[in-house]
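Notes follow once the structure below has been shown.
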Amino acid sequence: MIRAAAILAALCLPMAPALGQAPALGQDRPPERPTEPLSAPAATSGPAVPTPDGEPAAVLGPPLPPAWWLLRETDVELAACKAALTAMGTVFQDQPPITGDEDRDCGIARPIRVEQILPGLALEGGAVMRCATAQALGSWARDFLQPAAARLPGAPQVTGLRLGTTYDCRPRVGTGQEVPKLSEHALGNAIDIAGVVLSRGDPIAIQPRTDTGDLAEAFQGTLRASGCLFFSTVLGPGSNAAHDDHLHLDTALRPGGWRLCQ
């Protein structure tokens, strides 16, 4: 009896945990949270595009059209301009397109050659320009140049304009800039007037006239001031040394219609 009880106790002993021993961890218990944060994987990228130090990466794509092409008139715009010239009596001829050999931005898409800007008022030697430039010149000559001349002794008429530069593929002069922008002459937008020929009396040259107090000074000042009603740029004697012997008139487009009259 005692022997049987001892055997039964021996069989039950392995089923109880050892005294003071922690129970075994179950397989379904979640793992402990790591004490160190997980680092993000290193970012991968394609191979770097090498560029010269201090220079921006080149912008890919087709080149912009040249400046002269961006000023090209539509058929409707050109027809309206030519009609205005015809109404003023301007003598002009169409010319083939002009493009610059040294600078791709130089040129005139639809140029005209003007012989007389008004009836009896010649542009000596003729002048090639855009139609809009001729229209501005003709309107100014009709509304201010001829009436101002009529106030001179003998009431003469203006019979000619002595010209400096008209179309010319070159940068601006007299700006003081190391790399000046393209001149409006290079786009057919500008004309330089060196003198005014009258039906009576001597021609009036454009030159520095400060406090002379004579009609020649008043006449030149009138031409200069009134020019800014028709042109967006008027430069002349006193603007800079490059413009001491002529009036520079151009139709440059600026934001807000801003005008430069010096």
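So in this note's numbering, spot 84 of the sequence shown is number 128, and the numbers just go up one at a time. Even for Gly, the Cβ is constructed at its ideal location relative to N, Cα and C. Note that the coordinates shown come from a computational prediction; the quantities given were computed from them, not determined experimentally.
Review point. Assuming Leu291 and Gly280 make a contact with CB atoms under 8 angstroms, what is their CB distance in whole Å?
Key: Taking 8 angstroms as the upper bound for CB-CB distance, Leu291 and Gly280 are in contact here, some 5 angstroms apart.
Check your understanding: Excluding five sequence neighbours on each side, which residues of the same chain lie with their C-beta closer than 8 angstroms to the C-beta of Leu122?
Key -> Arg154, Cys175.
Point to revise | Whole-Å CB distance - Ala234 paired with Cys213, under 8 angstroms assumed | key: Contact flag wrong, Cβ pair sits at about 12 angstroms.
Exercise for review: In the DSSP assignment, find the alpha helix (DSSP H) that holds Leu129 and state where it starts and stops.
Suggested key: 119–132 is the span of the alpha helix (DSSP H), which, as asked, contains Leu129.
Review point. Relative to the C-alpha of Trp112, which residue among Thr143, Ile237, Arg253 is closest?
Key: When each option's Cα is compared against that of Trp112, the closest is Thr143.
Point to revise | Member of Gln139, Leu114, Leu205, Phe263 whose CA lies at the smallest distance from the CA of Ile237 | key: When the alpha-carbon of Ile237 is set against those of Gln139, Leu114, Leu205, Phe263, the nearest one is in Leu205.
Exercise for review: Buried or exposed for Val120, please, with buried defined as at least 16 other CB atoms from any protein chain shown within 10 angstroms of its CB.
Suggested key: Its Cβ having fewer than 16 others within 10 Å, Val120 is exposed.
Check your understanding: Taking Cβ positions, are Arg21 and Val172 nearer each other than 7 angstroms?
Key -> In the structure as shown, the chain starts at 45 and stops at 306, and residue 21 therefore has no counterpart that could be examined.
Exercise for review: Measure the C-alpha to C-alpha separation of Ser183 and Gly105 and round it to an integer number of angstroms.
Suggested key: So the two alpha carbons sit approximately 43 angstroms from each other.
Check your understanding: By Cβ distance below 6 angstroms, which residues in the same chain neighbour Leu304 in space, the five residues on each side in sequence not counted?
Key -> For Leu304, same chain residues with a beta-carbon under 6 angstroms away, outside a window of 5 residues either side, are Thr277 in chain order.
Point to revise | Bridge partner(s) assigned by DSSP for Ile235 | key: DSSP links Ile235 through a beta bridge to Leu293.
**Study point:** C-alpha distance - Ala192 paired with Asp138, whole-angstrom precision
**Key:** Between the C-alpha atoms of Ala192 and Asp138 there is a straight-line separation of about 31 angstroms.
Exercise for review: Kindly indicate which residue of Gly151, Asp246, Ala269 has the alpha-carbon position closest to the one of Leu306.
Suggested key: The amino acid at residue 306 is misidentified as Leu; the sequence shows Gln. Gln306 has its Cα closest to that of Ala269, out of Gly151, Asp246, Ala269.
Check your understanding: By how many angstroms is the C-alpha of Leu259 removed from the C-alpha of Leu196?
Key -> Using only the alpha carbons, I get a separation of about 7 angstroms.
Exercise for review: Please classify Ala185: is it buried, with 16 or more other beta-carbons within 10 angstroms of its beta-carbon, or exposed?
Suggested key: Buried, because 16 or more other Cβ atoms sit within 10 Å of the Cβ of Ala185.
Check your understanding: Is it right to say Ser243 is buried, meaning 16 or more other beta carbons lie within 10 angstroms of its own, or is it exposed?
Key -> It counts as exposed.
Practice item. With Phe136 as the anchor, note down where its alpha helix (DSSP H) starts and where it stops. Key: Counting along the chain, Phe136 falls outside any alpha helix (DSSP H), though it belongs to the beta strand (DSSP E) covering 135–138.
Point to revise | Extent of the continuous alpha helix (DSSP H) run through Ala260 | key: Per DSSP, Ala260 belongs to the alpha helix (DSSP H) from 259–271.
Check your understanding: Where does Pro107 fall in DSSP's three states?
Key -> DSSP places Pro107 in coil when its eight states are reduced to three.
Point to revise | Local conformation of Thr143 per DSSP, three classes | key: Three-state DSSP puts Thr143 in a strand.
Practice item. Could you check if Arg253 is buried or exposed, using at least 16 other CB atoms within 10 Å of its CB as the buried criterion? Key: Around the beta carbon of Arg253, 16 or more other beta carbons sit within 10 angstroms, so the residue counts as buried.
Practice item. Determine the contact status of Leu293 and Gly271, defining contact as a CB-CB distance below 7 angstroms. Key: Taking 7 angstroms as the cut-off, the Cβ atoms of Leu293 and Gly271 count as close.
Review point. Are the Cβ atoms of Phe263 and Thr295 separated by less than 7 angstroms?
Key: Result no, Cβ atoms of Phe263 and Thr295 do not sit closer than 7 angstroms.
Check your understanding: If we count the other Cβ atoms within 10 Å of its Cβ and call it buried at 16 or more, is Glu146 buried or exposed?
Key -> Its Cβ having fewer than 16 others within 10 Å, Glu146 is exposed.
Review point. DSSP three-state call for Leu114: helix, strand or coil?
Key: In this structure, Leu114 counts as helix in the three-state DSSP scheme.
Check your understanding: Going straight from the alpha carbon of Gly151 to that of Pro141, what length do you get?
Key -> Per the coordinates, the alpha-carbon of Gly151 lies some 7 angstroms from the alpha-carbon of Pro141.
Review point. For Ala128, which residues of its own chain have a beta-carbon under 7 angstroms away from its beta-carbon, when the five flanking residues on both sides are left out?
Key: Non-local beta-carbon contacts of Ala128 in its own chain, meaning distances under 7 angstroms to residues more than five positions away in sequence, involve Gln179 in chain order.
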